[in-house]
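Engineer:
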Amino acid sequence: MDLCSQIQHILGIPFIYVKKCSEDEALCLVHRSWLPFLQKGLQVPVELREKENVDVNLLKFFFTSKDISDPSWKLIAVYCWQKRKGKIRRFSKQLENSFTSNHITYAQLIDYVTKTNYKNLWEQAWRKYNAGDIPKRNKHKQSFNDALQEILKRLYKTTRIEREDGMIIHLSPPPNSAPNQFSDFQDVIHPNLLEIFCAVESPQSIFLICKKNVCTLKDCLMFSPFVLSGSTIRPLFVVYQLLQALCSVHNSGLFMGPITLSSISIKENLWIQVIPLTCLYLDADKTSSEQCFVASDRHLANGEYSDNKDDSVISSSLTFKPADQNKEGDWSYQDLTLASLVEDWVNGSISNYDYLIALNKLAGREKDNPRSHYVMPWIMDFSVPDGGWRDLSKSKFRLNKGDKQLDLIYESATEITGTNLSCSSASIPQDSAVMVAHHTSEVLADITYYVYKARRMPKSFLCQHVRQKWVPAEYPATIERLQEWTPDECIPEFFSDPRIFYSIHPDLSDLGVPSWCKSPEDFIKKHREALEGYHVSERLHHWIDLVFGYKLTGPAAVKSKNVCLPLVDHHTSIHNYGMVQLFSHPHPHKLNKCIFSRSIAPKTFRNIVFKVSDAKDSGDDETSSESIGKSGFLKSLRSKSLVLPDNARHEPRPENQTIVLPKDFNPLATLSHFESLFTFLCWAGGGKVGKDETNSQHGASEKMTFYNQVKDLVVLGCLISEIAVASYCKTLPENAVLEERYSNILKLLRLHKHDVPRYFQKVIQLLLQVDSSYHQEHEEITPVPSRYPPVSACGLPLPSAHQILLSHVHTIPFPHYFPDLYLFLLKLNQFTAEINLLSEVIDENGENGKKIENLADKMVQYAAEQLKVLLPLLNVEGIELLTPYLQEIFENRHTALLATWHLFGMVSQALGPQQTCSKLLTRLTKVFDTDKPSPKHLKLYHRTFLLQIIVGLGLHNFLIHFTTILIEAIGGCKDYSSKNSESDYIYMQKTFEPDVSKLEHMAEDLDECIIDDGAYGDTAFRQLNLSQETLNVQPEINNDEDNEIFDLDVNEE
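Per the numbering used here, the sequence shown starts with residue 2, numbered consecutively.
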């Protein structure tokens, strides 16, 4: 049964609400009331299972939207684990005591290393000299299906509920507790594992119901590379979380599986969650003889072999390959590398259309996604059937706008950048898109995509993204007008799908085709033939350089007026769409098939040229070198009527012979082409894996039982390498087996070894078992390390995730504050998850509101206590890593007011005025300028807190952004009264206690700010007098220190 059919039958989600992403993954659109029924172990009502009359086109675009505008609907991800027959060996026991803490002493570390090395060396020697005496252990086995349930129980602490209809629901505990130390992780779901709502088990499979991953680590590295590459701490923090998740999985007696960058979701605050692929390493055995006990098949934890009698290693090979994505068109080259694709296209084995589709996929573009739909070139203006060709060496935006406008855009941005750098008020937030010099921002904007597909798009989408008012006459009526109007590139539908011309709207006519076409089907056929024709094939590589190649950045982009904004603005927000540069060198052109590229040699002619003296001696003018030339000699050969005198019939000497070749023949062209192709493939990390070598090594590896946790470490080394050289890994095949993945990584590391950050070099060499030149240290049977030496080169035991995290080992130089920062951020995420969970529940009695208020109070109080200890430990990059989590507290409507009063002072002191304005100014003004003011907001206008704002933001920015807010508050524009004003005021007095002890220090800082400020340092401007004698009290407010509001008197000198 198909995956979508299984989801409809078992989960009750209609077929049209399901989008299949792979063979074991689907994206589903469900009603928000659907999920609580499953989480409570109840059967989904019939009305939620029935298929409703909805617009299929509307559902199609729901799946590509970043979020659903309708709050009653929700996007979820469903992962399917298929059940099988057979048995496997039991998993190892869960570890209770392990070195997961970073607070061990140096003496404990030495003791651990000494004892572990002694055990490992002894066991290696015993197995070497007593291989025949290894006793046959009783292999305790369990069924494959029980193993899947065991994975759920160990990773997600699920409880089993059996419904009346026979379905089994595995419920995960709610997020109501977070570990306070590393030793508590074994009792809760690890926060860096993928969060699941529940799991539904049927007789054939198990479905994991999870949140939709908005962005993955692959998206971050591909579309927002500066997020990690622009900092030292951020990639270290991502790897630190990955190691923590791996430790938790290994402690549970399991293994992570062949995870990739796409298996790791990442948020804006750089918190990651990993999707364990443990079940992909499971291989059910039909007979017990298929498994063999090998010396390396021991449980690896803390760098030593476990002596448990029920050690369980699942027999598996490295041949697993996840299912390919849904294939587009007739293209069947998903398994080839980029180098293979380029070589096949150059040789003519792949059509232009299929090759461009392949490049779109490698660049991360997604079909039917308005933000990143596939792009194709506009190749002609459709005036004539075989002519009106477009200049493919220039972008469509440049052809549409003109060089003068592009120069104006680029130069104006350069001038603005220079002005802002010299401006003293740089703390005021600026628009980065205006400041960065660029020519274009995208090759296909979302609004252009909607206009292209206006005939097939629902009106609601068109009114939302194009024009709020539906005006059919505003949309281009013909394909000629559409090509002339748009500054963006074309889409594949105009080469493959005639339905795009037919309108589903009665008041919008069909898109017109050129006069030389009979119908849309005829246009598609001729348009596709033109794309595959000689003229386009000769020039298509220029367009590839503009859209995917080296002309996107650098001097070549400036010269081509094609500098793309997303590639040069160094944005730090994580996107799952955008421009990607696949090639850094000129793309080779397509090799045209001609008679000189065939295996059969072409015919040539020898033009016999006589010396002038010979001609004169013969006395025949017709046989002179002028008469027997390019035309005369060939004509005489065709007519066979050439008659030479007797003294000229002898064979001329070699120096008098000339070989006549075609006019366009260049004997060096092919050689030059292959040289450029070879250079390009080398820079692209190209080359196919040798078939003979791969097959022989692969056959040998299948005979061995590989240790899955060792493979986890190899996968970890591959992941760290892909993060280290992310700019060169964009074109690697995503679904490659571990052998191919390992080989590709080593090739890239050898080519770009100088680009690997120093803090990752040691761990990469350790996990991948390579030397400093990234060549394998030991010749092995398999290309992937199947085991590690019992003692490493530096004298440490077998590598493990626990060992890498130890602070004394320094395999990766993590900052000393990472453990404390990690636990603090983990606790903040826990509070946020609980508040969001309560906010989604419909509250009729108001009990949830009280719980949320209580949680918000606890969250802010916890943050205030921990930040006093944590902030002094952090450096600049550490504070930058912490800032997004603090921004979430200031943005959350439940915690914003409390966080503003309790946290703003210490946070602004750590950030400084410039960063405080950049990170917190907008959020701070929203708290003051609220639509629903309450008595609690009165405390924000206390003089001590206003002083904190002035010091934190700077006087200049304070006057610009808060003058209007203060005047409105003084004038009584907002009503802060309430029925519970007295009780709220008592609560505010107890809760918000101003720190008056720091007032004098803040006043001194404020005086320095005023003096140092260039705009307000002059005596001609007003200054704030902060002496206690000049503080005047407003008549309508009692002169009480705790109740003084707006008591700052502004005096002129």
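All C-beta atoms in this analysis are idealised placements derived from N, C-alpha and C, irrespective of residue type, glycine included.
#1: Along the chain, which unbroken stretches of the alpha helix (DSSP H) at least 4 residues long are found entirely within the segment 892 to 976?
#2: Give the single residue among S722, H776, Q274, L806 whose Cα lies nearest to the Cα of L194.
#3: By alpha-carbon positions, which one of V792, Y886, E881, I853 ends up nearest to K828?
#4: Please classify Q143: does DSSP put it in a helix, a strand, or coil?
#5: Taking a contact to mean a Cβ-Cβ separation below 9 Å, would you say I8 touches C29 in this structure?
#6: For I448, tell me which candidate among V472, W471, S413, T487 has the shortest Cα-Cα distance.
#7: If we define contact as Cβ-Cβ less than 9 Å, is K754 a contact residue for chain B?
#8: Alpha carbon to alpha carbon, how far is G879 from L237? Give it in angstroms, no decimals.
#9: Apart from the five residues just before and just after A577, which ones in its own chain have a Cβ nearer than 6 Å to its Cβ?
#10: Looking at C-alpha atoms only, which residue of G167, E165, I152 is the closest neighbour of S173?
#11: Drop a sphere of 10 angstroms on the beta-carbon of E1059, count the other beta-carbons inside from all chains shown, and report buried for 16 or more, exposed for fewer.
#12: How would you label P507, buried or exposed, when you count the other beta carbons within 10 angstroms and need 16 or more for buried?
#13: Are the segment 72 to 85 and the segment 111 to 129 touching, with three or more C-beta to C-beta distances below 8 Å?
#14: In angstroms, rounded to a whole number, what distance separates the CA positions of L806 and P814?
#15: With C-beta atoms as the reference, is C565 less than 9 Å away from L583?
#16: How would you write the range of the alpha helix (DSSP H) that C491 sits in, first residue to last?
#17: Tell me whether F208 sits in a helix, a strand or coil according to DSSP, three-state version.
#18: Which residue or residues does DSSP assign as beta-bridge partners of E26?
#19: How big is the Cα-Cα spacing for N1 and P15?
#20: Along the chain, where does the beta strand (DSSP E) that runs through A438 open and close?
#21: Measure how close the beta-carbons of L882 and I265 come, nearest whole angstrom, since I'm counting them as under 8 Å.
#22: So who's on the other strand from H32, going by DSSP bridges?
#23: On the DSSP bridge list, what partners appear for S266?
#24: Suppose you measure from the CA of Q770 to the CA of C280; what does that come to, to the nearest Å?
#25: Could you pull the DSSP bridge partners for M2 from this structure?
#26: Mapping the DSSP letters down to three states, classify T812 as helix, strand or coil.
#27: Leaving out five residues on either side along the sequence, give the residues of the same chain with a beta carbon under 6 Å from the beta carbon of G906.
#28: With burial defined as no fewer than 16 other Cβ atoms inside 10 Å of the residue's Cβ, what is the status of V729: buried or exposed?
#29: Between E723 and L262, how many whole angstroms is the CB-CB distance? I'm expecting something under 8 Å.
#30: Contact check, E490 vs L445 under 8 Å by CB: the rounded distance?
#31: Looking only at C-alpha atoms, which of G254, V239, E163, F959 sits nearest to L96?
#32: Could you have a look at Q582 and say whether DSSP puts it in helix, strand or coil?
#33: Excluding the 5 residues preceding and the 5 following V376 in the sequence, name in chain order all residues of the same chain whose CB lies nearer than 6 Å to its CB.
#34: Is G365 helix, strand or coil when you go by DSSP?
#35: Assess contact between the segment 471 to 481 and the segment 508 to 527, defined as three or more Cβ pairs (one per stretch) separated by less than 8 Å. Is contact present?
#36: Round the Cβ separation of T884 and K927 to the nearest angstrom and send it over; I've been treating them as touching at under 8 Å.
Structural biologist: Well, looking at it:
#1: Here the runs fully enclosed are 897 to 912, 914 to 929, 944 to 954, 956 to 971.
#2: Just measuring C-alpha positions, the residue of S722, H776, Q274, L806 sitting nearest L194 is Q274.
#3: Distances from the alpha-carbon of K828 to those of V792, Y886, E881, I853 put Y886 closest.
#4: Three-state result, Q143: strand.
#5: For I8 and C29, yes; Cβs fall inside 9 Å.
#6: T487 is the residue among V472, W471, S413, T487 whose C-alpha sits nearest the C-alpha of I448.
#7: You won't find chain B in this structure, because it holds only one protein chain.
#8: The alpha-carbon atoms of L237 and G879 are separated by roughly 11 Å.
#9: The sequence shown places Asn at residue 577, rather than the Ala named in the question. Within its own chain, the residues whose Cβ lies closer than 6 Å to the Cβ of N577, once the five positions on either side in sequence are excluded, are C216, D220, listed in chain order.
#10: Closest option to S173, Cα to Cα, is I152.
#11: An answer regarding residue 1059 cannot be provided, because it is not within the stretch 2 to 1054 covered by the chain.
#12: With fewer than 16 other CB atoms across the displayed protein chains lying within 10 angstroms of its CB, P507 is exposed.
#13: Counting Cβ pairs under 8 Å, fewer than three are found: no touch.
#14: The alpha-carbon separation between L806 and P814 amounts to approximately 9 Å.
#15: Cβ atoms of C565 and L583: not closer than 9 Å.
#16: Run containing C491: none; DSSP gives neither H nor E here.
#17: Note: F208 maps to strand in three-state DSSP.
#18: BP columns for E26 point to S23, Y80.
#19: Outside the shown range of the chain (2 to 1054) lies residue 1, about which nothing can therefore be said.
#20: Looking at the DSSP string, A438 is not in any beta strand (DSSP E), and its letter there is neither H nor E.
#21: With 8 Å as the limit, L882 and I265 do not qualify as a contact, their Cβ atoms being about 18 Å apart.
#22: Beta-bridge pairing links H32 to W74.
#23: Bridge pairing for S266: T217, Q274 [DSSP].
#24: Going by the C-alpha atoms only, they are around 26 Å apart.
#25: M2 is bridged by DSSP to nothing; it lacks a bridge partner.
#26: Reduced to three states, the DSSP call for T812 is coil.
#27: Excluding its 5 nearest sequence neighbours in each direction, G906 has C-beta neighbours in its own chain below 6 Å: Q949, listed in chain order.
#28: In the sequence as displayed, the identity of residue 729 is Tyr instead of Val. Around the beta carbon of Y729, a 10 Å sphere encloses 16 or more other beta carbons of the protein chains shown; the residue is thus reported as buried.
#29: By a beta-carbon distance limit of 8 Å, E723 contacts L262. Their separation comes to about 6 Å.
#30: About 6 Å separates the two Cβ atoms, so the contact holds.
#31: Nearest C-alpha to L96: G254.
#32: Reduced to three states, the DSSP call for Q582 is coil.
#33: Only V444, L445, E490 meet the Cβ criterion.
#34: The three-state secondary structure of G365, taken from DSSP, is coil.
#35: Under the Cβ criterion (8 Å, minimum of three pairs), the segment 471 to 481 counts as touching the segment 508 to 527.
#36: About 17 Å; that fails the 8 Å criterion.
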